[in-house]
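Heads up: the structure comes next, in structure tokens.
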Amino acid sequence: MAQVGIVMGSDSDMPVMEKAAEILKELDISYEMRIISAHREPDIFFEYAQTAEEKGYKVIIAGAGMAAHLPGMCAAIFPMPVIGVPMHTSSLGGRDSLYSIVQMPSGIPVATVAINGGTNAGLLAAKILATSDSAILDKLKAYSAKLKQQVMEKDAKLKN
């Protein structure tokens with residue numbers, strides 16, 4: 002049973018959303034990934050969001066560009082945390098996506114990461130899950146230690 006749902010509006014979002022999946026995979030967190038357009042197939046979208054809790058999802062990561070309604074609509078229906086990933090767009094550089102996701106009305110929060118921030122979305126989902134799962138917390142601590150080690154190695158290489 003997947004703990005995290007990863008959903009995006011288009012296959013063009015896949016390179017960014019795959020980064021969230023890679024982090025979850027590295028941390029051994031189960032996920033399910035889907036492409037669903039909130040605008041082009043609202044019936045399928047509503048079914049997805051309405052059944053996410055019974056499927057066992059604890060967090061949804063939703064990526065979207067331009068009007069970017071997918072994360073907000075997930076948050077309106079799914080009662081647990083939703084993380085929005087605004088996608089870079091050719092017309093406005095992703096600011097349109099960012100504003101659409103971060104400017105949610107009071108009562109419908111969406112945690113929002115940087116434009117094209119798939120990696121951080123995966124890490125944020127893991128941190129949310131870690132509040133009630135010590136094994137995930139230990140993996141996150143090891144991940145942070147690995148990042149620190151990488152920076153130290155780069156610094157040592159620079160010094161030489």
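The opening position of the sequence shown corresponds to residue 2 in my numbering, with each subsequent residue numbered one higher. The beta carbon of each residue, even a glycine, is placed where N, CA and C say it ideally should be.
| Item | Value |
| --- | --- |
| The region 47-63 / the region 79-88 touching (three or more Cβ pairs under 8 Å) | yes |
| Spatial distance of ILE109 from ARG35 (CA atoms) | 22 Å |
| Cβ pair count under 8 Å reaching 3, the region 126-135 against the region 16-30 | yes |
| One or two residues paired with GLU33 in a DSSP bridge | GLY6 |
| PRO87 - DSSP class collapsed to helix/strand/coil | strand |
| GLY66, enclosing beta strand (DSSP E) - first and last residue | Note, GLY66: premise wrong, no beta strand (DSSP E); not H, not E. |
| Buried versus exposed, by CB contacts within 10 Å (16 or more), ALA22 | buried |
| Close beta carbons around LYS20, own chain, < 6 Å, minus the five adjacent residues each side | GLY119, THR120 |
| Local conformation of THR113 per DSSP, three classes | strand |
| THR52, buried or exposed, once every other Cβ within 10 Å from all chains shown has been counted against 16 | exposed |
| Residue span of the alpha helix (DSSP H) that contains LEU138, given as start and end | 135-160 |
| Coil, strand or helix - GLU23 by DSSP | helix |
| Cβ contact check for the region 97-106 and the region 35-47: 3 or more pairs under 8 Å | no |
| ALA69 to HIS40 span [Cα, whole Å] | 10 Å |
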